[in-house]
Amino acid sequence: MKSRLILSLILIGGCMSPSTSPEDIHQRAAILVAMLIDSNYIHHSYLEVLEIVSNDSNVIYRVRPSDSAASCTDELPSRVLSYKDKYLCFIELDEQEMSRNELFEKGIVADSNFQSNSLDFDDGFWLLALQKYGKEHVLVKYREEYDNIVEMPELWPYLSGGSPQSQPVFMSMDKHYIVVADSLLSRLGDLGVDTLKRYINRFYGVIQLKNQTDSTIVLSNNNLSNLSFALVNKTDTLKLVLRDSLPIILGSHEYAYLRYDSESPQRFLQNLPEQDVWMSMYRLFSDSTFCFLKMNGIPTNFRILHNDATIFSYITVDSETQKYIPGDKSKIFYNNKVHDKDLRGYRFRGW
């Protein structure tokens with residue numbers, strides 16, 4: 044259903060109350076996006092408001108101009124709010140999208156046969172982060188100095204894990220794949236994520252690093268704990284073993300992408316709930332991944348940030364983990380309640 048919002052009435056009120064429902068989130072987001080319109084940053088008839096992060100406490104949208112009600116990723120909006128002569132098209136991770144005909148019947152598009160957003164990113168885009176149950180928010184334009192939006196300090200309070208604010212090295216858990224034996228390759232399509240508990244050999248993934256200082260930093264092994272990174276769940280620990288040899292030397296503002304393999308997780312998994320095993324693991328990857336490396340000879344022990352824009356993962360066989368990105372011997376799956384973006388694209392395009 045199309046929602047129409049007279050934003051001027053809300054702006055006159057001048058109060059941003061904590062959100063208690065999706066409608067409240069969208070109203071708060073619309074008020075902030077309207078400021079971009081009023082400041083003449085956006086001149087096109089449509090705005091693509093794409094949800095890229097939704098964790099337990101916060102939501103983050105990518106906002107950019109559009110020449111279509113459909114996003115550049117071939118997704119139709121789940122709701123549309125109007126402001127002045129423009130349409131704010133919200134593409135939500137967990138809401139069913141509207142149809143072409145519905146958008147036409149509501150007068151949002153002139154013809155049901157339309158293409159997706161064809162505008163490039165030359166004019167940049169904005170990131171809008173809001174607390175779900177609080178009043179805090181931030182609206183910031185993406186800066187090309189960053190390789191990834193999670194590097195932007197303004198967004199750290201809205202992401203899971205520990206803030207890198209006080210750390211000399213930015214660290215973010217970026218990928219976490221489920222690895223099973225090659226003998227299960229023919230069955231990957233039939234195995235559900237939560238039925239894999241007894242089949243999981245290990246987890247495999249990537250941790251992003253960036254030296255945030257003007258000096259060289261040396262990362263070395265912590266002999267006391269014999270750990271580099273680990274997931275911690277109360278008294279249980281799942282060791283993450285780096286494929287990269289230590290020490291690692293990071294020059295000033297230099298990046299590194301470390302690949303890791305977990306130890307066998309069977310004992311660790313035994314203490315997780317029987318239902319929603321993957322989401323339990325995902326939350327631990329998000330909130331409880333710790334670094335124990337030495338930095339310039341000084342032992343550390345801190346939670347690292349999590350890239351909450353990682354809304355999908357892979358089940359892959361052992362031989363595929365030699366690749367940075369899994370290939371044909373892998374199966375993609377989305378987090379709970381997140382709609383399959385490939386299916387959305389298929390429904391929009393018809394192929």
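Under this note's numbering, think of the first position of the sequence shown as 44, with each following residue one higher. Virtual Cβ for every residue (Gly too), placed ideally from N, Cα, C.
With a CB to CB cut of under 6 Å and the five nearest residues on each side skipped, what residues in its chain are close to His296?
Locating residue 296 in the sequence shown gives position 253, where the first residue counts as 1. If we look at His296 and ignore the five residues flanking it on each side, its Cβ neighbours are Asn254.
Look up Ala112 in the DSSP assignment and say whether it is helix, strand or coil.
Position 69 of the sequence shown, counting from 1, holds the residue named residue 112. Correct three-state label for Ala112: coil.
Terminal residues of the continuous alpha helix (DSSP H) containing Lys384?
For the purposes of this step, residue 384 is taken as the residue at position 341 of the sequence shown. Per DSSP, Lys384 belongs to the alpha helix (DSSP H) from Lys384 to Arg392.
Which whole runs of the alpha helix (DSSP H) in the stretch 83 to 136 are 4 residues long or more, in chain order?
Here no run is fully enclosed.
Answer yes or no: do Asn101 and Ala172 have a C-beta to C-beta separation smaller than 8 Å?
The residue given as residue 101 occupies position 58 in the sequence shown. The residue given as residue 172 occupies position 129 in the sequence shown. The answer is yes: Cβ separation under 8 Å.
Which same chain residues end up closer than 8 Å to Ser206 when comparing Cβ atoms and leaving out the 5 residues on each side of it in sequence?
By 1-based counting over the sequence shown, the position of residue 206 is 163. Excluding residues within five positions, the ones whose Cβ falls inside 8 Å are Trp199, Pro200 and Leu348.
Does the beta-carbon of Tyr84, which I'm using as the reference point, lie nearer than 7 Å to any heavy atom of the ligand MG?
Of the ligands one can find in the structure shown there are none, so the ligand MG has no counterpart to examine.
Excluding sequence positions up to five away, which residues of its chain have a Cβ less than 8 Å from the Cβ of Trp307?
Here residue 307 refers to the residue found at position 264 when the sequence shown is read from its first residue. The sequence shown places Ser at residue 307, rather than the Trp named in the question. Hits under 8 Å: Asn244 and Arg245.
Contact between the stretch 114 to 121 and the stretch 72 to 82: three or more CB pairs below 8 Å?
The stretch 114 to 121, when compared against the stretch 72 to 82, does not touch it at the 8 Å Cβ threshold.
Give the straight-line distance between the Cα atoms of Lys175 and Glu135, rounded to the nearest whole angstrom.
For the purposes of this step, residue 175 is taken as residue 132 along the sequence shown, with counting starting at 1. For the purposes of this step, residue 135 is taken as residue 92 along the sequence shown, with counting starting at 1. Cα to Cα, the separation comes out at about 14 Å.
For Asp287, which residues of its own chain have a beta-carbon under 6 Å away from its beta-carbon, when the five flanking residues on both sides are left out?
Start at 1 with the first residue of the sequence shown, and residue 287 comes out as number 244. If we look at Asp287 and ignore the five residues flanking it on each side, its Cβ neighbours are Leu301.
With distances taken between CB atoms, is the gap from Val360 to Ala224 smaller than 8 Å?
Translated into the one-based positions of the sequence shown, residue 360 becomes position 317. Translated into the one-based positions of the sequence shown, residue 224 becomes position 181. It is a contact, given that the beta carbons lie within the stated cut-off.
Going along the chain, which unbroken runs of the beta strand (DSSP E) with 3 or more residues stay wholly within the stretch 211 to 243?
Here the runs fully enclosed are 212 to 223.
Excluding the 5 residues preceding and the 5 following Asp351 in the sequence, name in chain order all residues of the same chain whose CB lies nearer than 6 Å to its CB.
In the sequence shown, counting from the first residue as 1, residue 351 sits at position 308. Closer than 6 Å at the Cβ level, and outside the excluded window around Asp351, lie Val96, Asn98, Leu202 and Ser203.
So what does Gln251 bridge to, in DSSP terms?
For this step, residue 251 is matched to residue 208 along the sequence shown. Answer is Ser215 and Tyr300, bridged to Gln251.
Using the rule of at least 16 other Cβ atoms within 10 Å of the residue's Cβ for burial, across every protein chain shown, is His86 buried or exposed?
Start at 1 with the first residue of the sequence shown, and residue 86 comes out as number 43. It is exposed - the Cβ of His86 has fewer than 16 other Cβ atoms within 10 Å.
So Ser161 packs on Asn144, CB below 8 Å; how close in whole Å?
Residue 161 sits at position 118 when you count from the first residue of the sequence shown. Residue 144 sits at position 101 when you count from the first residue of the sequence shown. That belief does not hold up - the Cβ atoms of Ser161 and Asn144 are roughly 22 Å apart, past 8 Å.
What residue does the alpha helix (DSSP H) around Gln208 start on, and which one ends it?
To locate residue 208, count along the sequence shown from 1; it is residue 165. It is not in any alpha helix (DSSP H) - Gln208 carries neither H nor E in the DSSP assignment.
Keeping to the same chain, check which residues put their C-beta closer than 8 Å to that of Met78; ignore five residues upstream and five downstream.
Residue mapping note: residue 78 aligns to position 35 of the sequence shown, counting from 1. Cβ neighbours of Met78 beyond the five flanking positions: Leu182.
Our contact map puts Ile358 next to Ile221 with C-beta atoms below 8 Å; I'd like the distance itself, whole angstroms only.
The residue you call residue 358 lines up with position 315 of the sequence shown. The residue you call residue 221 lines up with position 178 of the sequence shown. That belief holds up - the Cβ atoms of Ile358 and Ile221 are roughly 5 Å apart, short of 8 Å.
How is the beta strand (DSSP E) around Ile375 delimited, first residue to last?
For this step, residue 375 is matched to residue 332 along the sequence shown. Element bounds for Ile375: Ser373 to Tyr377.
For Ser249, which residues in the same chain have their Cβ closer than 8 Å to its Cβ, ignoring the five residues on either side in sequence?
If you number the sequence shown from 1, residue 249 lands on position 206. Sequence inspection shows Val at residue 249; the Ser mentioned does not correspond to that position. Asp217, Lys218, Tyr300, Leu301, Arg302, Tyr303 and Tyr367, listed in sequence order.
Quick one: Cα of Leu315 to Cα of Ile192, how far?
Position 272 of the sequence shown, counting from 1, holds the residue named residue 315. Position 149 of the sequence shown, counting from 1, holds the residue named residue 192. Roughly 31 Å between the two C-alpha positions.
So for Ile260, helix, strand or coil by DSSP?
The residue you call residue 260 lines up with position 217 of the sequence shown. Correct three-state label for Ile260: strand.
With a 10 Å radius around its C-beta and 16 neighbouring C-beta atoms as the bar for buried, classify Pro108 as buried or exposed.
To locate residue 108, count along the sequence shown from 1; it is residue 65. With 16 or more other Cβ atoms within 10 Å, it is buried.
Could you check if Pro196 is buried or exposed, using at least 16 other CB atoms within 10 Å of its CB as the buried criterion?
Sequence index remark: in the sequence shown, residue 196 carries index 153 (1-based). So Pro196 ends up on the exposed side.
Are the beta-carbon atoms belonging to Lys41 and Leu252 less than 8 Å from one another?
This structure does not reach residue 41, given that the chain is present from 44 up to 394, and the question cannot be answered.
Taking C-alpha atoms, which residue in Leu234, Arg241, Gly177 and Val106 lies nearest to Lys184?
By one-based count along the sequence shown, residue 184 stands at place 141. Among Leu234, Arg241, Gly177 and Val106, the Cα nearest to that of Lys184 is on Val106.
Write down the C-beta distance between Asn339 and Ile260 rounded to the nearest angstrom, noting that I regard them as a contact closer than 8 Å.
Numbered from its first residue, the sequence shown carries residue 339 at position 296. Numbered from its first residue, the sequence shown carries residue 260 at position 217. At roughly 6 Å, the Cβ-Cβ gap stays under 8 Å, so Asn339 and Ile260 are in contact.
What is the C-beta distance between Tyr130 and Ser88, in whole angstroms, given that I count them as a contact (C-beta under 8 Å)?
Here residue 130 is taken as the residue at index 87 of the sequence shown, counted from 1. Here residue 88 is taken as the residue at index 45 of the sequence shown, counted from 1. Yes, they are in contact, since the Cβ atoms of Tyr130 and Ser88 sit about 7 Å apart, within 8 Å.
Roughly how many angstroms separate the alpha carbons of Ser226 and Gly232, rounded to a whole number?
Position 183 of the sequence shown, counted from the start, is the residue given in the question as residue 226. Position 189 of the sequence shown, counted from the start, is the residue given in the question as residue 232. If I take the Cα positions, the gap works out to 13 Å.
If I follow the unbroken alpha helix (DSSP H) through Tyr325, where does it start and stop?
By one-based count along the sequence shown, residue 325 stands at place 282. From DSSP, the alpha helix (DSSP H) with Tyr325 extends over Val320 to Asp330.
Put Met44 into one of helix, strand or coil per three-state DSSP.
For the purposes of this step, residue 44 is taken as residue 1 along the sequence shown, with counting starting at 1. A caution first: Met44 carries a pLDDT of 38, below 50, which makes its placement in the model too unreliable to give a value.
When the distance is taken between beta carbons, is Arg346 closer than 8 Å to Phe333?
In the sequence shown, residue 333 corresponds to position 290, counting from 1. In the sequence shown, residue 346 corresponds to position 303, counting from 1. Yes.
Kindly indicate which three-state DSSP category Tyr448 falls into: helix, strand or coil?
Outside the modelled stretch of the chain, which goes from 44 to 394, sits residue 448, for which no answer is possible.
Work out the CA separation of Asp165 and Leu336 for me, nearest whole Å.
As a working mapping, residue 336 is identified with position 293 in the sequence shown. As a working mapping, residue 165 is identified with position 122 in the sequence shown. Approximately 39 Å between the Cα atoms of the pair.
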